[in-house]
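First comes the structure, then the notes that go with it.
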Amino acid sequence: MFTEVAVVGLGYVGLPLARRACEAGLATVGYDIGADVVEGLDRGRSHIEDIPDEDIAAMYAAGFRAGTDPAVLAGAHTVVICVPTGLTESGEPDLLPLTSAVRTVARHLEPGALVCVESTSHPGTTEEIVRPLLEAHGLRVGEDFHLAYSPERIDPGNRRYSLRTTPKVVSGCTTLCAKHATAFYERLVDEVVVAAGTREAEMAKLLENAYRYVNIALIDEIAVYCDRVGIDIWDVLRCADTKPFGFTAFRPGPGVGGHCIPVDPRYLMTHAAEQGFTFRTLGAARAVLDAMPEHVAGRARDLLVEDGKDPAEARVTLLGVAYKADISDTRESPAYAVARALGALGTRLTYHDPYVGRFEVDGVPVPRQRSRAHALTGSDLVVLLQEHAEYRSADWDLATCPVLDTRGTAEGRRVVRL
Numbered sequence: 066m067f068t069e070v071a072v073v074g075l076g077y078v079g080l081p082l083a084r085r086a087c088e089a090g091l092a093t094v095g096y097d098i099g100a101d102v103v104e105g106l107d108r109g110r111s112h113i114e115d116i117p118d119e120d121i122a123a124m125y126a127a128g129f130r131a132g133t134d135p136a137v138l139a140g141a142h143t144v145v146i147c148v149p150t151g152l153t154e155s156g157e158p159d160l161l162p163l164t165s166a167v168r169t170v171a172r173h174l175e176p177g178a179l180v181c182v183e184s185t186s187h188p189g190t191t192e193e194i195v196r197p198l199l200e201a202h203g204l205r206v207g208e209d210f211h212l213a214y215s216p217e218r219i220d221p222g223n224r225r226y227s228l229r230t231t232p233k234v235v236s237g238c239t240t241l242c243a244k245h246a247t248a249f250y251e252r253l254v255d256e257v258v259v260a261a262g263t264r265e266a267e268m269a270k271l272l273e274n275a276y277r278y279v280n281i282a283l284i285d286e287i288a289v290y291c292d293r294v295g296i297d298i299w300d301v302l303r304c305a306d307t308k309p310f311g312f313t314a315f316r317p318g319p320g321v322g323g324h325c326i327p328v329d330p331r332y333l334m335t336h337a338a339e340q341g342f343t344f345r346t347l348g349a350a351r352a353v354l355d356a357m358p359e360h361v362a363g364r365a366r367d368l369l370v371e372d373g374k375d376p377a378e379a380r381v382t383l384l385g386v387a388y389k390a391d392i393s394d395t396r397e398s399p400a401y402a403v404a405r406a407l408g409a410l411g412t413r414l415t416y417h418d419p420y421v422g423r424f425e426v427d428g429v430p431v432p433r434q435r436s437r438a439h440a441l442t443g444s445d446l447v448v449l450l451q452e453h454a455e456y457r458s459a460d461w462d463l464a465t466c467p468v469l470d471t472r473g474t475a476e477g478r479r480v481v482r483l
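Just so you know, the sequence shown maps onto residues 66 to 483 in my numbering.
See below:
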């Protein structure tokens with residue numbers, strides 16, 4: 066079977082890309098090292114919330130197939146690498162999944178093929194790390210095959226912007242590489258934006274999330290200051306957001322989570338340090354964001370004491386432990402750090418999240434409340450960490466205990482906002 070597109074990594078980036086390729090009529094295969102992922106897809110089950118099982122069935126009906134054997138990559142005209150680039154246990158950039166995937170692709174690369182990398186990494190990764198690995202078997206970029214970088218812009222849970230409707234930044238190691246990549250992505254998305262080079266495209270991705278990282282830290286620090294001096298931060302935001310120019314509203318919270326915002330700036334800071342440069346703004350932002358869970362725990366302790374409860378014996382429930390509203394993903398969720406800080410006070414923790422069936426902190430399972438209502442009436446304190454739709458429609462006056470709202474969305478007689 067002739068393969069037009071092979072997607073390496075069938076996670077939150079790769080599976081939507083494979084689906085879109087199938088929709089565009091391209092003969093598509095997928096490769097993933099996770100046997101459970103492939104087996105689930107073969108049975109018609111999606112592991113990505115934004116992709117329903119019906120879409121998996123449509124992909125297979127269109128000829129899609131997935132495998133854990135890299136032989137599935139053989140003969141592919143275009144290979145797109147969509148593996149995760151996260152952090153190590155010590156918080157350093159972890160490029161092992163990317164380099165492993167590239168080595169696998171290199172062993173099955175054929176002349177004339179296009180290789181596109183979508184995994185996030187520091188500037189220079191495509192040219193200095195990916196390219197040498199792909200050329201190790203004798204083929205040369207720009208002569209025997211084409212190499213491009215196009216940063217992923219998938220936003221889980223976003224119903225407004227899809228892969229197709231979000232502009233796609235594309236770059237290539239050579240002008241011809243960029244042209245081949247442009248031609249490929251033009252079949253999948255409505256708008257392609259061609260960068261000057263791979264380093265510019267890599268940096269664009271990091272800038273997008275560093276911008277959010279810094280601004281979230283700014284509003285979090287302002288929120289802490291407003292709490293200290295008795296200013297209503299939420300009313301400040303309401304007023305400031307009426308300015309039709311020169312201001313973009315960011316909202317305070319318990320910290321940042323997910324696969325991008327808390328991770329991408331680390332890649333930039335680490336690489337910059339290797340070049341003898343220090344991102345002072347990012348360093349300051351990191352210090353603020355790292356301190357937010359402790360601030361939340363401190364506010365929780367104060368509320369318990371004010372309510373006549375001993376924090377060391379109190380029952381505290383976390384509402385919403387996913388990193389983002391209305392999804393089940395807990396990667397880098399600030400709920401972990403908040404749970405640790407509350408645990409250090411001796412509190413008896415439980416949690417409730419309609420999307421997360423199991424929540425462990427440092428390998429220890431946190432008991433799950435059977436319902437939101439039970440959490441509001443069976444706790445000494447509730448900490449609202451995530452603004453799931455279920456919580457936005459809640460009757461908070463049912464709470465028999467204080468509710469610490471870190472998102473500014475709850476209203477009720479016992480609600481106290483961060």
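In this text, a Cβ means the ideal position worked out from N, Cα and C, and glycines have one as well. Computed from a prediction, not measured in an experiment: that's the story for all the values here.
One thing to note: GLY156 has its Cβ no nearer than 8 Å to the Cβ of LYS389. Annotated three-state conformation of PHE315 is coil, per DSSP.
Within its own chain, the residues whose Cβ lies closer than 8 Å to the Cβ of GLU69, once the five positions on either side in sequence are excluded, are ALA86, LEU91, ALA92, THR93, ALA141, HIS142 and THR143, listed in chain order. Distance between VAL301 and ILE326, taken at the CA atoms: about 24 Å. Membership of ALA131 in any alpha helix (DSSP H) is not indicated; the residue belongs instead to the beta strand (DSSP E) covering 130-132.
Looking at the DSSP output, HIS417 bridges to LEU384. With 16 or more neighbouring CB atoms inside 10 Å of its own CB, PHE210 falls in the buried class. Boundaries of the alpha helix (DSSP H) harbouring VAL102: 100-107, taken from the DSSP string. If you draw a straight line from the Cα of ARG229 to the Cα of ARG84, it is about 11 Å long. Within the same chain, GLY151, GLY322, GLY323, HIS324 and TYR388 come within 8 Å of ARG396 by CB-CB distance, once the 5 residues on both sides are set aside. In this structure, the beta-carbon distance from THR471 to LEU446 does not fall below 8 Å. For the options ASP134, VAL195 and GLY132, the alpha carbon positioned closest to that of LEU163 is the one of VAL195. In this structure, the alpha-carbon of SER111 lies about 16 Å from that of GLU88.
Apart from sequence neighbours up to five positions away, the residues of its chain that approach ALA269 with a beta-carbon distance below 6 Å are VAL234, ordered along the chain. A straight-line Cα-Cα distance of about 16 Å links THR335 and LEU161.
In the displayed model, HIS112 falls within coil according to three-state DSSP, outside both helix and strand.
Minimum Cα-Cα distance from VAL102 among the listed residues LEU75, TYR125, GLY128 and ALA123 corresponds to LEU75. DSSP places THR93 in the uninterrupted beta strand (DSSP E) bounded by 93-96. Between VAL73 and ALA166, the beta carbon gap of about 5 Å places them in contact (Cβ cut-off 8 Å). Contact annotation: SER236 and ALA266 have beta-carbon atoms nearer than 8 Å. When only Cα atoms are considered, VAL370 and VAL78 end up about 45 Å apart. For ALA213, the pairing in a beta bridge is given by DSSP as CYS181 and GLY237.
Of the candidates GLU193, LEU333, LEU80 and ARG108, the residue whose Cα lies closest to the Cα of ILE146 is LEU80.
Going by DSSP, LEU469 is part of the beta strand (DSSP E) stretching over 468-470. For the options LEU483, ALA127, ILE287 and LEU272, the alpha carbon positioned closest to that of PRO319 is the one of LEU483.
One Cα belongs to GLU339, the other to LEU283, and the distance between them is close to 26 Å. DSSP places THR412 outside both helix and strand once states are collapsed to three, so it counts as coil.
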